[in-house]
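**Student:** Dumping the structure here so I can ask a few things about it.
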Amino acid sequence: MELRSRRTMVVWSSSPARAARQAAREITRPARTGRIRWWLRTGTLLAIIGLVRFARTARKYPRPALSLAGTAVTVAGISLPSEAVLVSGFVILLVALFLPGPASAPAKPCSARLWAHPLTPFAPSARYLPPSD
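If you want it as structure tokens, here you go:
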């Protein structure tokens, strides 16, 4: 890659303001919009993927997911000078505290779990054996 040589500018008018504006325009070159758009699209895609995965986890394990979200909002409320964000983080943590845990779900008896279906799908079940003569 070779370096581009700068063109020498020839000023045909003697107005110093016009030359200063032209020099300032050369110094502060705007960023490439393609690169900025690429970063925006990539960041948006990663955020959407993260939200979908978080929603799937929150459906399966609501208490730890709400605890994690409440902690994140509370930390954001502490670091930002916003009392509303801090209070909402505490509310989310309070809701997560009062959600029923997995221990409160009724458990099936052990025999119902183990012997509901035969271990081998091709073996006949003992319930459906023909009566012997």
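Count the sequence shown with our numbering and you get residues 5 to 137, in order.
Ideal placement from N, C-alpha and C gives every residue a C-beta, glycine not left out.
In this text the structure is predicted, and so the values were computed from the model without any measurement.
Am I right that T61 and A69 are in contact with their C-beta atoms under 8 Å? What's the rounded C-beta distance?
**Tutor:** Indeed, because the Cβ distance is near 5 Å, the residues count as touching under 8 Å.
**Student:** Go to S83, then tell me how far its alpha helix (DSSP H) extends in each direction, as first and last residue.
**Tutor:** S83 -> alpha helix (DSSP H) spans P66 to S83.
**Student:** CB-CB under 8 Å to L103, same chain, minus the five flanking residues each way: which ones, in chain order?
**Tutor:** Hits under 8 Å: P66, R67 and L70.
**Student:** Give me the Cβ distance between G3 and A100, rounded to the nearest whole Å; I'm assuming they're in contact under 8 Å.
**Tutor:** Absent from the model: residue 3. The displayed extent of the chain is 5 to 137, so no value can be given.
**Student:** Considering just the uninterrupted stretch of the alpha helix (DSSP H) at H92, what are its terminal residues?
**Tutor:** Correcting the residue identity first, residue 92 is Ser in this sequence and not His. First-last of the alpha helix (DSSP H) with S92: E87 to L101.
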